[in-house]
Every structure is written in C-alpha cells, then in structure tokens.
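Trainee: Note that the protein sequences, when read in sequence, are chains A and B.
For the first sequence, numbering that gives the first Met the number 0 gives the first residue as 0, with consecutive numbering after it.
For the second sequence, numbering that gives the first Met the number 0 gives the first residue as 0, with consecutive numbering after it.
Positions of the beta carbon are idealized from the N, C-alpha and C atoms, including for glycine.
Source: prediction; values computed, not measured.
What follows is a structure written as structure tokens; I'll ask about it next.
There are 2 protein chains.
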Amino acid sequence: MQAEIITIGDEILIGQIVDTNSAWIGEKLNAAGIKIHRITSVSDRAEPISEAVTQALSHSDIVICTGGLGPTKDDITKHTLARLFGMKLVRNEAVYEQVRAMTAVRHIDFNELNQGQALVPDGCTVLPNRCGTAPGMWFERDGKVLVSLPGVPFEMKTLIGEQVLPRLYEHFRFDAIVHKTAITYGLAESILAETIADWENALPAYLHLAYLPSAMNIRLRLSAYDVDGQQAAAEIDRQFALLDQAIPYRIIGYGDATLESAVGELLRGRGETVAAAESCTGGNIAHRFTALPGASDYFRGGVVAYSNDVKTALLGVNADDLNRCGAVSRPVAEQMAAGVRKATGATYGIATTGIAGPTGGTPDKPVGTVWMAVSGPDETYSIRMVFGSLRSQNIERASSNAINLLRLRLCGAPGNGLWTIRY
Amino acid sequence: MQAEIITIGDEILIGQIVDTNSAWIGEKLNAAGIKIHRITSVSDRAEPISEAVTQALSHSDIVICTGGLGPTKDDITKHTLARLFGMKLVRNEAVYEQVRAMTAVRHIDFNELNQGQALVPDGCTVLPNRCGTAPGMWFERDGKVLVSLPGVPFEMKTLIGEQVLPRLYEHFRFDAIVHKTAITYGLAESILAETIADWENALPAYLHLAYLPSAMNIRLRLSAYDVDGQQAAAEIDRQFALLDQAIPYRIIGYGDATLESAVGELLRGRGETVAAAESCTGGNIAHRFTALPGASDYFRGGVVAYSNDVKTALLGVNADDLNRCGAVSRPVAEQMAAGVRKATGATYGIATTGIAGPTGGTPDKPVGTVWMAVSGPDETYSIRMVFGSLRSQNIERASSNAINLLRLRLCGAPGNGLWTIRY
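Right, dumping it as structure tokens:
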C-alpha cells in the first residue's frame, strides 16, 4: 500500500511558509501501515496541479492533497480537480448550511466568497469540515483514492483523523509496518555510528536501521516491513535494550520523547518540581516544558533574567559577582539556578547565561559561550560550552544542554564525562 | 529560469522531521529571481532518487538536492548521482584533509566512515563545506545544473549562500521578479478579502495578488514577473499604502515582520522597554522576543508564573483575588502585568493567564479561555478571548494577541474595536 502527498501553494514554493502538513500526514499514514512514496509541493496553477496529481495516481494507491481550497480567487484546486475527473461543480446543501451557521456564530458576513465554499465536484464524496468552511473531498478512480483537504493545519488534521483514516481502513487492506525510534542525545552521528557498529552489524537482516540526525539529537529507527508484527516488535525492544547498554545514559527515550518530556516523567515519578532561570535562552526552556500537556505537575515557573537588574532583583544574584566575573560566568549561572529554586520553591533550578549572538562576543567569551547550571537540594553544579555563531541554534543547544544536565542528575549518571556534548 | 528542489530522506516521508530546507532554499532562489516549479521529497533509495532527479532535470534548468550525504550506510545520494551521471567515486584530497582537520579539532576519530566523506564523483565540481564533513557537489549536463548538498540545515545554508548562489549567477542570466508581502493580523481570510475587494479589483493587471493564510495572520503578497523592476517596486509600495488606509492598524509590517519584531522596533524608536508575566503562555512571549537579535535593547525579562505561589511571590498578585476570582481572571491578569512591570523596571508589562488545555476547563471557563493584559505608565487594560481546544495553538494565539495589544497601544490605535480578533 503506497501513498503520495501533494501540498499546493505558491507560499510553500517561495518559502513563505514551511510545509508542516506533509510531515504530519506522512507520520499518520506511516503509523497506519501505509508507505509514503513521495511528497510533492506545487504552485497554485492548474497545470502543475494536474501534472502532479496524474503522476501520483499513476504510481500510488492513495493521493492526499492539501491546500488551495480557500474562498479567494487564487485558490483553484477544486476547479482543477473537477476538470481532471470530468465533474461539474454543484452546490452541496449540507456544506452551504454549515458555512452559513459557522459565519453566523463568528459574526462574519455570509458573502459570495463564503457561499462559493459550498460548490463541490458532483462525483466526489464530501467530507464535512467542522473547523472551517472548506470541505474535504474524496475521489475514487480505478480503485485508487484521491483526497483533497484544506491547507489550514488544524482543519486538515481533524479531517484526516475523523474522516480520511477511517475511510482508508475501510477501502484498503494494509501490510504490517513495525517501527520504533530511540532518541539519543549528546553524540555526533559519526561517533555514534562507530560506537554502535558491532550492535548494528549484529542486527537481524529483516530489521532496517536508519539514522535521523539533527543538530545534537540523533534518532535511530528500527523498521520491519511485511513481517509478524508482534515478533518484530519484541525483537526491536530487545535490540534497543542492547543498544542502551552500548551507550549508557545517551538514550533519552523512544518515539516522541524529548529531553523535556523525559525530565518531566522522571520528576513526576519522584514527586519533584523544576523551575528555570534563563538569560540567553530567553524563556525557551520554560516554553519547551510548558508546551507539554500536564506540565503544571512538575514545572513551577521561571524567571527570564535578560537584564542584569532582573538577575539581582528577582534571582538574588550577587551584584559584585556580576561586576567582577560578568553575567556569563560560573558564579552567576550557579546563583541564578539556586535563586530560581528558592524564589519558586521548586526542587531543582536550571539556569543559563551566555552570548547567543550574533553580536556581544569577546576574545575571552566568543559568541556561543554559555554557562549552564543545575541547583538541587544537595548540590549546585555547572558546565561551560561554546556552541556556534547562529543565534537560534545557540538558544536551542543551550536549552537542550541545560535540560540534559538535570536529566543526567535524575538518572543518577556518574561523574562529569557525560555532561559535555561530543559534536 | 526555473528550478526544482529535491529533499532526500525517509525521515521526511514518515514525518519524523519537518522539511525546513526546501522552504529556506525556495525563499533564497525566489529572491534571486528563480521561479520554483516543484519541491519533491523522496526516500533514501536509489530508484526514487534517480527518478525524481531525472524528472526534475527534464523540466527545469536548476535542481537542488539536499540530504543523504551522511557518513553512515543508509546515505546513498552520492552513489546514486555518480551512477546517474556515469561517474566514478574518487578520493578528493582537499576534502580528505579538511575532514581530517575537522575531526582533530573536535577530538573525533578519523575513522573509515569519516574518510568516506572524501569520496566524490570524478566529474563534479566539489563545493567545500567548512561547517561539516559532507562536501557539496555541482554537476552540469546540457547546460543544466544539479547541486547536491548535505541535509544539515546550517551546512546547507552556508553552502547555498557562499558557493551555490554565486555560481548560479555566473552560470545563468535571470529574469526579474519583484515581490513584497504585507503581513496583516486580526482579520480572517474571508473578512479580509471582502474588506479589500475594491482595492484588489483596482490592482494593475501585471501585479499578482496572493493570500498566504495561517491561523490568524494573513499575508498578502504582490508579485510582478518580467517587468521593469524599479517601476514595479514603486507601484507595489503605492498599492500597499492604499491597502493600509483600507485596513488601518491591521498591517503589522512587511516581509519578515512579526508582531514581536514590530513591537520591538516601535519600542526601540521610543527608547522604551517591555517585560512579560506569563502563565498559560509559559515563556513563549519571552522566547519570541528574545529570538530576535538585539532584543536586549527593549526586552528586560519576564516571569513565568505557572503556579499560583509564583504569581504572588514574584509578581505581587493579591492572594485574595486569586482565591476569589481564580487565576484566569481580569484582576489577576492586570496585577501580573503591573507586577512584572514593577519587578523588572520595564516601561510596559504584558501578561497572560488562561487554560491552554487539553484539560482544566470548566463550564464558565472552557479550555482556550485566556485573559491578556498590558500595563503601561498611564493605564492597565485587558481583554478576554476564548480560543480553541488545541494546546499549542492556544499558547501561540494568546502570545500573539497579548503582543498585539501592546502594538495597538504603541501605534495609538483608538478604542476597543481593534482589540478583538475576528477569526
């Protein structure tokens, strides 16, 4: 069972938006046992849309299109698909009434543009969109399926979950795909590959290993296609247990795990809490924790101490230390961590202070220099790292490293060797 | 002049990473006057890579591939391209020495995997990668160009900026593309379209208007192809000035402008500062401000007051009001905004308190209910909005609305009508 995804819109091609829809759809279809052959993005013009759809239908059983269904003139997906499938646009009364009701609730005029949303190709199945005005459309030809969905992410996601997947399960029978991904932190790809070479070479032939690298977070995915699902899943678990022995404390979790979700689960299990004192990371650590549902169980709050005044006033950092050592220093980082712990009543305080860039570096403390500290009931400790020259990357890396410091402490990791990152 | 982008990697197809590379490349090529015909993502297997490359070269003059150049076994882009172009892999001494030096600096073993990075197809031009071990490769055939780049974003970006674009300028002559994008905030697409219909209908025929919608931020792009660049640019500016009169205070800026960058520029111009007190947005407002280079000019810091204790201890919120009205209430929001202003010495305080979800809602205060407040030297004011059921969206919308409240105040926007969002 093979699928393709087509995302439609000039804004994707010229990079004004990042196409997150196709990643989300790819993940859902893959989890349902459907292989994704290709993702294509094309412009809001009839010819490229027709060409991409025709090519996709010639390769694959399922084609999911998103985008180009808005009420305005530049959206032509519906007209193009109608022509391609030899259908006429007709008014769908259910959609018409739903758009009318939706505009009434929002005190929006039910104007000609909105009324146009109720026009659908006469041979398709309408998939009602309860979050917006553009309905989804389900086309069938020669046993293959093409689905056209709005590009607004939450409308698309609701339609996929509530309408498209159930219909696909009904319409097709799927092969089994089993996969699981281990998330590692702190080893660069080549070092990781060398360290686990023996493990990799001893994998059974039916398991496929993929490295999914990002800046410092390498994910290792084991996949098995068309095999006994239960047996493959058990073997994957066994292999990952062996991997964990080969790189102790480097696997932070599986699947969707992140450093902050791993720390959150550890804290929840211990009935402990954390707070963050952030200078160079500017609220990103707090944001990463609080993006998780249920974060209030273990996240107490934080202080974004961007100016030195705030470091002294809210975190009790010693003004003499600030003057003598500078804001980017071990004493300031450790006092920030201890200070936010005290101010919020959290079990642990995490702190960052550094030079995110692009300016502000000195020969002694170049852009990318960051001190990270953790303060707990028994001890306060800190490390210094020098990252790179990119502001956004420095913010992410400092956040990750600081959160990882606490993770290592909570896991009981020994000594100092694991605290630094090999990248 | 037409280009296609091919991103290679199973991790893209199954949605484990979002393909941000193609958006970035699309933006750069478009700005350079190159139209993007299509973006394609394919798996790390020889056949789909060959097929996508062959198709792209048949349509377009320029093909940019990223990904699949890592040192590990599952990366096969280089081998596939060599076969496609009928070339052999040979060791490139300059790359070999550079990888050796790079591994030495990082204290990484110069192992067989890393040494393999120095093998390149013998008929391509090597584009040295000073940020990583995989070089870029430039192939030419029948006057067309194919470039293969590593998938790690900052390596790819450096190669595009320093090597690929200068070579493309040398190799091709480009047509002129002029475009500019106005960023609007606070009007849904259909309302915006209706409000500006007269303006849209009066546009000169050679200007193309596109709506680029996201949740509450609609971008309007005017483009002109193959015309006198200077004249088109002046006409676009004139048209956007007319648009601004049609929807006063709704255009927050142009190009890359965001609510926080607009507020930052307004504050910088006035010599004023801001701080944030965040409950439900959990540090996201601080993160959005501090992601901007130079934010320390106007951003003083903030308090993430996730627990009620932190609201009283660090922000001086009245414990009786917290008990009587609840954390999600007008008095608490306004006391948080005033409190963070006082605690940090900022000119303005922004505050949010609400129920991000997915749990915690009540009949009176459903999930998505958020109070947002701004406190300044002369006044403190607040609004209540009820967003939706998605946690991440509620966090983003509450952050945007709160920042926009301050923007409207700084722009001198009248009354209350503009404060609510019509979505």
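Please decide whether Asn403 of chain A counts as near chain B, where near means a Cβ-Cβ distance under 8 Å.
Mentor: Not closer than 8 Å to any Cβ of chain B, the Cβ of Asn403 of chain A fails to qualify, so no.
Trainee: Counting pairs of Cβ atoms below 8 Å between the region 192-206 of chain B and the region 229-247 of chain B, do you hit three or more?
Mentor: Result yes; three or more Cβ-Cβ pairs closer than 8 Å.
Trainee: Check whether chain A comes within 8 Å of Asn342 of chain B, counting only Cβ atoms and requiring the distance to be less than that.
Mentor: For the sequence presented, residue 342 of chain B should be read as Ala rather than Asn. Judged by the 8 Å Cβ criterion, Ala342 of chain B is in contact with chain A.
Trainee: Starting from Ala201 of chain B, find everything on chain A with Cβ-Cβ shorter than 7 Å and list it in chain order.
Mentor: Here the premise fails: no neighbours, minimum Cβ distance about 14 Å.
Trainee: Cβ of Thr71 of chain A less than 8 Å from any chain B Cβ?
Mentor: Yes - at least one Cβ of chain B is within 8 Å of the one on Thr71 of chain A.
Trainee: Between Leu158 of chain B and Asn128 of chain B, which are expected to be in contact by the criterion C-beta below 8 Å, what is the C-beta distance as a whole number of angstroms?
Mentor: That pair is a contact at about 6 Å.
Trainee: Report back the beta-carbon spacing between Asn283 of chain B and His286 of chain A to the nearest angstrom; my notes put them in contact at under 8 Å.
Mentor: Indeed they touch by this definition, with Cβ atoms about 5 Å apart.
Trainee: Strictly below 9 Å CB to CB, what residues from chain A border His36 of chain B?
Mentor: What His36 of chain B touches in chain A: Leu12, Val41, Ser42, Pro47.
Trainee: What residues from chain B crowd round Thr19 of chain A, counting only those whose CB sits closer than 8 Å?
Mentor: Those are Val17, listed as they occur along chain B.
Trainee: So is Ile394 of chain B in contact with chain A if we call contact Cβ pairs under 8 Å?
Mentor: So, interface residue.
Trainee: Taking 8 Å as the CB-CB cut-off, is Val303 of chain A touching chain B?
Mentor: Closer than 8 Å to some Cβ of chain B, the Cβ of Val303 of chain A qualifies, so yes.
Trainee: Using DSSP bridges, identify the partner residues of Lys179 of chain A.
Mentor: For Lys179 of chain A, which the question treats as bridged, DSSP gives the partners A:Leu221.
Trainee: Hey, out of A:Thr361, A:Ala30, A:Ala22, A:Gly32, whose CA is closest to Gly150 of chain A's CA?
Mentor: Among A:Thr361, A:Ala30, A:Ala22, A:Gly32, the Cα nearest to that of Gly150 of chain A is on A:Ala22.
Trainee: Mapping DSSP to helix, strand and coil, what is Gln15 of chain B?
Mentor: Note: Gln15 of chain B maps to coil in three-state DSSP.
Trainee: Go ahead and label Glu134 of chain A buried or exposed: buried means 16 or more other beta carbons lie within 10 angstroms of its beta carbon, across all protein chains shown.
Mentor: Correcting the residue type first, residue 134 of chain A is Pro in the shown sequence and not Glu. Buried is the call here.
Trainee: Return the CA-CA distance between Thr272 of chain B and Gly301 of chain B, expressed in angstroms with no decimal places.
Mentor: Cα to Cα, the separation comes out at about 12 Å.
Trainee: Using a Cβ-Cβ cut-off of less than 8 Å, list which residues of the region 376-387 of chain A approach chain B; keep chain order.
Mentor: The residues in question are Gly387.
Trainee: Mind pulling the chain A residues with CB within less than 9 Å of Trp23 of chain B?
Mentor: Under the 9 Å cutoff, chain A gives Gly14, Val17.
Trainee: What are the boundary residues of the beta strand (DSSP E) that includes Gly67 of chain B?
Mentor: Unbroken run through Gly67 of chain B: none, as it is neither H nor E.
Trainee: Start and end of the alpha helix (DSSP H) containing Lys27 of chain A?
Mentor: Residues 20-30.
Trainee: Counting only runs of 4+ residues fully inside the region 57-141 of chain B, write out the alpha helix (DSSP H) ranges in chain order.
Mentor: Counting whole runs of 4 or more residues, the region 57-141 of chain B contains the alpha helix (DSSP H) stretches 76-83, 92-104, 111-115.
Trainee: Using CA coordinates, which residue listed in B:Gly387, B:Pro376, B:Gln230, B:Leu389 is at the minimum distance from Leu405 of chain B?
Mentor: Checked all of B:Gly387, B:Pro376, B:Gln230, B:Leu389; the closest Cα to Leu405 of chain B is B:Pro376.
Trainee: Residues of chain A with a CB under 8 Å from the CB of Asn29 of chain B: which are they?
Mentor: Correct list: Leu12, Ile13, Gly14.
Trainee: Exposed or buried, Glu423 of chain A, counting other C-beta atoms within 10 Å across all chains shown (16 or more means buried)?
Mentor: There is no way to answer for residue 423 of chain A, as the model of chain A reaches only from 0 to 422.
Trainee: Could you spell out where the alpha helix (DSSP H) holding Lys341 of chain A opens and where it closes?
Mentor: From DSSP, the alpha helix (DSSP H) with Lys341 of chain A extends over 329-343.
Trainee: Between the region 140-151 of chain B and chain A, which residues of the former have a C-beta closer than 9 Å to a C-beta of the latter?
Mentor: Taking 9 Å as the Cβ-Cβ cut-off against chain A, the residues of the region 140-151 of chain B that qualify are Gly150, Val151.
Trainee: Could you work out which residue in A:Ser278, A:Lys72, A:Leu266 is closest to Gly293 of chain A when comparing CA atoms only?
Mentor: For the residues A:Ser278, A:Lys72, A:Leu266, the minimum Cα distance to Gly293 of chain A belongs to A:Leu266.
Trainee: Would the region 30-39 of chain A count as touching the region 89-108 of chain A if we require 3 or more Cβ pairs under 8 Å?
Mentor: Short answer: they don't touch.
Trainee: Could you check whether the region 50-59 of chain A touches the region 105-122 of chain A, counting it as contact only if at least three pairs of C-beta atoms, one from each stretch, sit closer than 8 Å?
Mentor: No, the region 50-59 of chain A is not in contact with the region 105-122 of chain A.
Trainee: Would you kindly work out how many angstroms separate the C-alpha atoms of Ala401 of chain A and Ala223 of chain B, rounded to a whole number?
Mentor: Each residue's Cα considered, the two are about 48 Å apart.
Trainee: According to DSSP, simplified to helix, strand and coil, what is Phe288 of chain B?
Mentor: The answer is helix: DSSP assigns Phe288 of chain B an H, G or I state.
Trainee: So, at 8 Å on beta carbons, what are the nonlocal neighbours of Ile246 of chain B in its own chain, with the 5 sequence-adjacent residues on each side left out?
Mentor: Thr183, Leu186, Leu191, Thr194, Ile195.
Trainee: Note the first and the last residue of the continuous beta strand (DSSP E) segment covering Ser40 of chain B.
Mentor: Run containing Ser40 of chain B: 34-41, per the beta strand (DSSP E) assignment.
Trainee: Express the C-alpha separation of Gly281 of chain A and Tyr422 of chain A in angstroms, rounding to a whole number.
Mentor: For Tyr422 of chain A, the predicted structure reports a pLDDT of 44, less than 50, and the residue's modelled location is therefore unreliable. The matter cannot be settled from this model.
Trainee: In chain order, what residues of the same chain have a beta carbon less than 7 Å from the beta carbon of Asp18 of chain A, not counting five sequence neighbours either side?
Mentor: The residues are Thr6, Ile11, Ser40.
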